[in-house]
Structure formats: structure tokens, C-alpha cells
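Protein chains in written order, with our numbering: chain H, 1 to 379; chain X, 1 to 379.
Quick notes on the structure that follows.
Protein chains: 2
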Amino acid sequence: MKTAATELLDIEFPILAFSHCRDVVAAVTKAGGMGVLGAVAHSTKQLEIDLDWIENEVGDRPYGVDLIVPAKYAGDGDGGYTMDDIRKLIPDTHREFVDDILARYDVPELSDPNDAGGGMYGSSGDAPFSAKNAMPQLDIALAHKTAFVANALGPPPQFLIDRCKQEGKLIGALAGRPQHAERHQAAGVDLIIAQGSEAGGHTGEIGSMVLIPEIVDAVDIPVLGAGGIGRGRQMAAAMALGAEGVWCGSVWLTTDEAETHPAVKEKFLAATSADTIRSRSLTGKHARMLKSKWTEEWERPDTPDPLGMPLQPILTSAAQQRINRAANTPGSGANELANYFVGQIVGTMNQPKSAGQVVMEMVEEFIEATEALAAQLTN
Amino acid sequence: MKTAATELLDIEFPILAFSHCRDVVAAVTKAGGMGVLGAVAHSTKQLEIDLDWIENEVGDRPYGVDLIVPAKYAGDGDGGYTMDDIRKLIPDTHREFVDDILARYDVPELSDPNDAGGGMYGSSGDAPFSAKNAMPQLDIALAHKTAFVANALGPPPQFLIDRCKQEGKLIGALAGRPQHAERHQAAGVDLIIAQGSEAGGHTGEIGSMVLIPEIVDAVDIPVLGAGGIGRGRQMAAAMALGAEGVWCGSVWLTTDEAETHPAVKEKFLAATSADTIRSRSLTGKHARMLKSKWTEEWERPDTPDPLGMPLQPILTSAAQQRINRAANTPGSGANELANYFVGQIVGTMNQPKSAGQVVMEMVEEFIEATEALAAQLTN
């Protein structure tokens, strides 16, 4: 295939795969798409190891790295805030509510409390989602053969764009509104990911069917469609809407290569498209995730409103680790609470496959759907 | 064009137009699609007049009628409830809140209080959205040349399906989840309208990108895509997802033929795709509508939760009439409160056009988008 995105990124199929798992990244790149490693939870040491491993796997084929670098943020340098300062901003009501959930659902303590340092939001000791946390990650990505750097949350800061340009790397950014895309283009981004509300993780309210053509019309750089895309018909739809390719995240979570928590993977395979919710309960910003007792507790009208970012992830990170550690026991409270970010396509993720198979099936169904559509014109 | 939907409905282009305005219905049918008259707010007398007028306009070309017949409902016969019984179920807090909104926004009283009997939810004196209200409408539709009857809310009751079959009319039903579509098919419906969350009016949470292919796979009767569809690229996307055509509602609201309130039409033309909200504030069920001071008041955490259906429409109907009567004065409170049902494509409804022009542009862009997509295969 040949689209503006395959040309820009030098790939065979315009399918980008966002994943925290290096195996998914390598598998998709090897299948002719481009894997993009979500690095937010990586220590610098682990990121070095994983990028070396990926390069060894994929040879000269291109791969990307996804960072979360907010433009402005309470955890950043100037204010001189430390993690301890930030922790003090968490109200007791919220701490007590989290403790109460863990108690009511009989979630066991971690046997080694030092375990609670890492988890889904990074292990550097700095505040999660902070520029301070992301800078060393950026250095490592730029020192590797990383072809593409994406910024997943908000506008990429100018220093990030400038450094990528200096090092000859392409840079992309996610947009949930046309104005975001215009701002990204003006700042010098090479590629826009137009992400509709159907997506897993941080996501807005505008559906892909409306958002993708709006963004395609708002900018003149290539646009990838994202949100609700996990199969060939959806890829064809995104490209009929004007996108030059697709960006998929959720669909890899049930692949053989993914390190998704086994209890959560099982829930994903059983879930329908109605089983997700946009909730602030994990990160403090609206993120789509699987419904579970965790989201039910936070969405009840009589329970506290989630805090903002970074307070909510700091508040919930250790609790999430305790839940995940115990979630494999069927029927346990921890199992009922366990969830993770996932989009509405979870309803069609019904059997585990290899990541390479997902790419191949997507391309095959894309061809079928496109041929069937084109046949309408001649009928 | 030839699809399963054009064959079934005997039309040239698989574009169905839902509208409360007979002029839109006739214009779309004449342009080669099919207009479907939303009859919920019509008196039986007005419905007779409008269907006669439409038939005179369109000749032998087919048109449809859309009714709202809930399967089970507090306003229906068996319980022997009257409108007065139902009115008594409305709590004083809610009446007072509505009165308070009208007072704070300086919305003038109606000069003739008898005016308040009709409005957006029907004028028969029966409860809105009741089978009792819809039955005489069905009789009139069946006595006319109506080719297609749609039921917009919930599963069509068996008597509705049976009568349509007897009279040789086709019947369709909206579905916001795959299970709804399966149920409709099992009940004998001829056509499913798969309506994603982006849509205006009563709508679910699953986006079109995910919902349309799920429903296409769940049934073996033709499916129309709806929700977020107002231009050719979106039509091509819906059909790439497996739909045999599209069902559009919002896009007609800013056409020359539409009787949309002028103040609301002006707001629609200026609105972006981020300016809608799924709110229970008008009907008691989640319906997507333009954000305004009205939705802001009802969505505040310190204001009452909307009631269910039919209490909420009974509660708000007269207030809505007062608001609409005064909304043309720029800068007035009534103007700030005024809103109406509309989908996320309101962001691309930026200039008034004729309904026929909308159909022609949609077909032209559909062809362009399809040809561009097909070209990806040969590149």
C-alpha cells in the first residue's frame, strides 16, 4: 500500500500499534506496520534494555516511542514541588475512600511494601506524567534508532519538537478536537493522530466518525485515524473519512505478545462494546477503561469525585498494585476490582491471536471492504 | 447505486432522511433518497394533511413515517393512568426548579396559556411517547402510501410489526447495541438502523465506528449506518463498515426546508462538534442535544436529576414552549436557554443549503471518497 503515512514513515501498511510491550512493538514492525512503545511506565534502565531488544528484533525496520510530556504541570521544576509536597495535597477523604475500597473488597496488603514504588505510572520517584520524568526517556529514545516520537497527552512542548527535528526524528501528536490538531501543526508536528471518543485511555467526547474528517480538513499534514479501530473494515472507514492510516492501541491487549494482566485479559475477551466507561478514577483525566467494581465505586454519586492529575494517579497507584497482585484469584474482591484502559472495540476482541495475525487480518479485511465499497459505484 | 437497501426500499441512493418537516421529507425523496417523517409531535389532523401534501409532491416515489411506540410504558392503557395521575408523580422540587430557571432567565409567560397544550411532544392530550398516542398515527400512515414505517425508540411492539406486514409496509427499527438489533430481527423487522453515540436525539454510548460493524455481523437483514453521518465521506465510511446505506437526521436541521427555530438554527450554524451533550433534561432519557444554559442548569451537581420518561417531558414541555416563544430576542435569557436535539455533525453544518443539495453533495463526496480509497489498493 502507498499513502502519505506509509511514505512518511517508510512502512508497508499504514497501521501503527501503540503498546507498552516491546514484543507487540517488534511484532507489528516486523509485520509491515510500525510498533510504537508506550514508555511512560518504563524506568530509564528498562527503556534502554527494551529499545536495544526491539532494534535487535526488527533490524532496519522503523519503530516509534510514545512519551507523555504535558506542556505545563504541577510536578515540574519551576515551582520546586517534590513528590512529598504533592502527596500533601491529597485530601484525607480520598485516602480513606481508597483504603475503604481495599478493605471492603478484602484486597491483601503487599508482602513487601517497597513494591509499591513502581507500577503503571513510572518508577523514577518523580511525579507521574511530569516533564522531569520524560526528559531522560527522550534522551534514550533519541540516542536510539527510534524513527518516530509521539506525545500522547496534550500539545508537545516546543523543546520536544525542536530536539526531535535536530535529531532527524519524526514527531506525532494525538488530537481529540480539530483545534488541537491545528495547534500541533503550527508547532511543527509531522503527523496527527485523530483520536475519537471510542478509544481506550485518555480520550475526548467526539466520535471518530465526526472527528476524523474534521481534523483531515483542518490540517495539511498526514492524519491517522484512532479510536474504535481494530479491524479492516474500521481501517477502511477511517481512510474513507480521509485518514492516511490508523493508530490502534486496544486491539493488541489480548494478543499473545501482550503482557496484559491475565485476569484483565480474560475480562477483555469476555467483554462487550458496552462494557467500557470514560472515567477519571485512574489518572484524574477522562480515560476510557473496562467497567469493574473499581469504576462502579468511583462513579457512585455518594463517593468522592476523583482528584486531578497528578494527584489521582498518586492516590491510586499503590492500590492498583495491590489489586493486580491479588486479582488472579477467581471470585476475589481484587478480581472484581481489576480493570485497565481499553476502547469500545473490546467487544470484538474475543480470541487471543498473535500481533502479526492481527495486522494480516486487518489488511485482508481492509482489501475486502474497499473492494466491496468500490463495487457499489459500478452496480 | 445498488445496495441491499436501495433494492429493498426501491430508491436511487441509500440515504434516508429523518425529519419532522414535510418539506425535507419530500425534497429528499425527490432527490433520489427517502424522506421519513417524524410524526411524534403531529396531531392526527396534521399528519393527514402532511402525508397528503407529501404524496402530492413526490408522486409514486416512496417515503416513510417514523413513530415512537414504546413496548411498555406508564402512560398506556392497562394501569388506567390518566395524564392527571401522571402529573401528580412529578415532585414539587422539580416543578420549582423549572419555575426558578424560567424566572432567573426572565422568560415571559405565554400570553395565551392554552398554547401550552401542544409542543414538541404531541398535542393529543395523552401522555407523550405513549402507544395510545401513536396508534391513530399508525392508522393514518397505513391508510396512506407510506412505504416504510420506523420505530425510533426501543423494540417495535408486535402489533406494530404485524399490522405493517398485513398492509405490505416495510418496517425498520433503531438499535444502539447489537443485542437490540438481534431482537428486532427476531421480531420480524425488515431493516435495522445502527445508530452510534454521535447521533442527535435519543442515543446510546457506543460510537458508530464500533457499533455499525458489530450490528452488521449480528443480523442478516440490511443495516443503515446512523450517528455522525452528514456528508459523503461519512456515508462511505458507514458503508465500508458494512452498512447498506445511511440514516441522517441532524444534517437537515439547517436546510432551507427545515422548520427549525430560527434562533436554534443560528446556534447550530455556529456550533462546533464539541458543543453537544447527551442529556436527560428534555425527555428523561439520554438524548444528544446542543449545549445551552438549559443543559448547563440541569447538569449542575447541585440541581435535581431529571425524572424518567414520561415525567420529564411532561415537566419541561410547557417551559420549552415559553422559551421558544421568546428565544428570537438576541441576548435574552430565553435565547440563552434555547436548544434542540442535534448530533456531533453540527460542527460541519456551517451554511444553510437546500435538502436536495445536501443529498447531491453527499453522493458526490461518497464517489470521490470511494474512488480515493480504492486507489490505495492499486498504489
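Each residue gets a CB set at the ideal place from its N, CA and C atoms; glycine is no exception.
Predicted model only: the values in this text are computed from it and were never measured.
So, under 8 Å CB-CB, residue i and residue j are touching, yes? Tell me the CB distance rounded to an integer number of Å.
| i | j | result |
| --- | --- | --- |
| X/Ala-150 | X/Asp-66 | 4 Å |
| X/Ala-194 | X/Gly-225 | 6 Å |
| X/Pro-246 | X/Leu-37 | As written in the sequence, residue 246 of chain X is Val, which differs from the Pro given in the question. Contact flag wrong, Cβ pair sits at about 18 Å. |
| H/Leu-142 | H/Leu-160 | About 10 Å; that fails the 8 Å criterion. |
| X/Phe-268 | X/Thr-255 | Rounded, the Cβ-Cβ distance is 11 Å, inconsistent with contact. |
| H/Gln-361 | H/Gly-232 | One detail in the question is off: residue 361 of chain H reads as Glu in this sequence, not Gln. That belief holds up - the Cβ atoms of H/Glu-361 and H/Gly-232 are roughly 7 Å apart, short of 8 Å. |
| X/Val-40 | X/Pro-157 | So it is not a contact: roughly 15 Å between Cβ atoms. |
| X/Ala-240 | H/Leu-373 | 5 Å |
| H/His-42 | H/Asp-50 | 7 Å |
| X/Gly-64 | X/Ala-199 | Their Cβ separation, rounded to whole angstroms, is 17 Å, which puts X/Gly-64 and X/Ala-199 out of contact at 8 Å. |
| H/Met-34 | X/Gln-376 | Not a contact, Cβ separation roughly 17 Å. |
| H/Leu-110 | H/Arg-322 | 6 Å |
| X/Ile-229 | H/Met-83 | X/Ile-229 to H/Met-83, Cβ: 48 Å. No contact. |
| H/Pro-136 | H/Thr-44 | 5 Å |
| H/Ala-380 | H/Trp-252 | In the structure as shown, chain H starts at 1 and stops at 379, and residue 380 of chain H therefore has no counterpart that could be examined. |
Leaving out five residues before and five after residue i in sequence, what residues of the same chain have Cβ atoms less than 7 Å from its Cβ?
| i | result |
| --- | --- |
| H/Val-58 | Ala-26, Thr-29 and Lys-30 |
| H/Cys-21 | Glu-257, Ala-258 and Glu-259 |
| H/Pro-222 | Ala-4, Ala-5, Leu-8, Leu-191 and Glu-244 |
| X/Asn-324 | His-261 and Ala-338 |
| X/Glu-297 | Ile-101 and Thr-303 |
| H/Ala-327 | His-261, Ala-263, Ala-334, Asn-335 and Ala-338 |
| X/Ser-197 | Thr-203, Gly-204, Glu-205, Ile-206, Gly-207 and Gly-227 |
| H/Gly-32 | Ile-11, Glu-12, Phe-13 and Val-359 |
| H/Phe-341 | Gly-200, Gly-201, Ala-287, Arg-288 and Met-289 |
| X/Gly-48 | Looking at the sequence itself, residue 48 of chain X is Glu, so the reference to Gly does not match. Ile-140. |
| X/Ala-271 | Leu-290, Val-346 and Gly-347 |
Identify, in the order they occur along the chain, each residue of the same chain with its Cβ nearer than 6 Å to the Cβ of residue i, setting aside the five sequence neighbours on each side.
| i | result |
| --- | --- |
| H/Lys-145 | Glu-55 |
| H/Gly-242 | Pro-213 and Val-216 |
| X/Ile-277 | Lys-291 and Thr-295 |
| H/Ser-281 | Thr-295, Trp-298 and Pro-306 |
| H/Asp-106 | Gly-333 |
| H/Ala-369 | Gly-232, Arg-233 and Ala-236 |
| X/Lys-293 | Glu-336 and Leu-337 |
| X/Ala-218 | Pro-178, Ala-181 and Glu-182 |
| H/Arg-61 | Thr-29 |
| X/Asp-23 | Glu-257 |
Can you give me the Cβ contacts of residue i inside the same chain, cut-off strictly under 8 Å, excluding the 5 residues immediately before and after it?
| i | result |
| --- | --- |
| H/Leu-315 | Ile-90, His-94, Arg-95, Val-98 and Leu-307 |
| H/Lys-382 | Given a span of 1 to 379 for chain H in the structure shown, any question on residue 382 of chain H remains unanswerable. |
| X/Pro-155 | Ala-71, Ala-173, His-180, Arg-183, His-184 and Ala-187 |
| H/Ser-273 | Gln-344, Ile-345, Val-346, Gly-347 and Thr-348 |
| H/Ala-163 | Reading off the sequence, residue 163 of chain H comes out as Arg, not Ala. So the qualifying residues of the chain are Leu-138 and Leu-142. |
| X/Thr-329 | Asn-335 |
| X/Pro-352 | Thr-254, Thr-255, Asp-256, Lys-265 and Leu-269 |
Is any non-hydrogen atom of the ligand NAP found closer than 6 Å to the C-beta of residue i, if you look at the structure I gave you?
| i | result |
| --- | --- |
| X/Thr-276 | This structure lacks the ligand NAP; in fact it carries no ligand of any kind. |
Legend entry - Proximal residues, the region 31-54 of chain X versus chain H, C-beta separation under 7 Å: none
Inset, instruction - Count the CB pairs spanning the region 334-348 of chain H and the region 364-372 of chain H that are closer than 8 Å, and state whether there are at least three. - result: no
Legend entry - Cβ-based contacts, 8 Å cut-off: residues of the region 220-240 of chain X near chain H: Gly-227, Gly-228, Ile-229, Arg-231, Arg-233, Gln-234, Ala-236, Ala-237, Ala-238, Met-239 and Ala-240
Inset, instruction - Indicate whether the contact test is met: 3 or more Cβ pairs, each with one atom in the region 309-326 of chain X and one in the region 282-294 of chain X, closer than 8 Å. - result: yes
Legend entry - 3-residue-minimum beta strand (DSSP E) runs that sit fully inside the region 279-329 of chain X, ordered along the chain: 287-290
Inset, instruction - Note down, in chain order, all residues in the region 204-216 of chain X with a beta-carbon under 9 Å from any beta-carbon belonging to chain H. - result: Gly-204, Glu-205, Ile-206, Gly-207, Ser-208, Met-209, Val-210, Leu-211, Ile-212, Pro-213, Glu-214 and Val-216
Inset, instruction - Decide if the region 325-335 of chain X is in contact with the region 333-343 of chain H; the criterion is three or more beta carbon pairs, one per stretch, under 8 Å apart. - result: no
Inset, instruction - Check distances from the C-beta atoms of the region 256-287 of chain X to those of chain H and list, in chain order, the residues that come in under 8 Å. - result: Thr-272, Ser-273 and Ala-274
Inset, instruction - Could you run through the region 335-346 of chain X and flag, in chain order, every residue whose CB is less than 7 Å away from some CB of chain H? - result: Gln-344 and Ile-345
Inset, instruction - Residues of the region 360-376 of chain X with a CB closer than 9 Å to any CB of chain H: list them in chain order, please. - result: Phe-366, Ile-367, Ala-369, Thr-370, Glu-371, Ala-372, Leu-373, Ala-374 and Gln-376
Legend entry - Where the region 184-198 of chain X meets chain H: residues whose CB sits under 9 Å from a CB there: Gly-196, Ser-197 and Glu-198
Inset, instruction - For the region 80-108 of chain X, enumerate the residues whose C-beta is nearer than 8 Å to any C-beta of chain H, in chain order. - result: none
Inset, instruction - Would you list, in chain order, the members of the region 318-333 of chain H that have their beta-carbon closer than 9 Å to a beta-carbon of chain X? - result: none
Inset, instruction - Tell me the start and end of each unbroken alpha helix (DSSP H) in the region 232-258 of chain X that is at least 4 residues and wholly inside, in chain order. - result: 232-240
Inset, instruction - Please go through the region 339-374 of chain H and give each complete alpha helix (DSSP H) segment of 4 or more residues, from N-terminal end onward. - result: none
Inset, instruction - Let me know the beta strand (DSSP E) ranges lying completely inside the region 163-188 of chain H, each 3 residues or longer, listed in chain order. - result: 170-175
Legend entry - Contact list for the region 154-182 of chain X against chain H, Cβ threshold 7 Å: Arg-177
Legend entry - Whole runs of the beta strand (DSSP E) within the region 135-161 of chain H, excluding any shorter than 3 residues: 148-151
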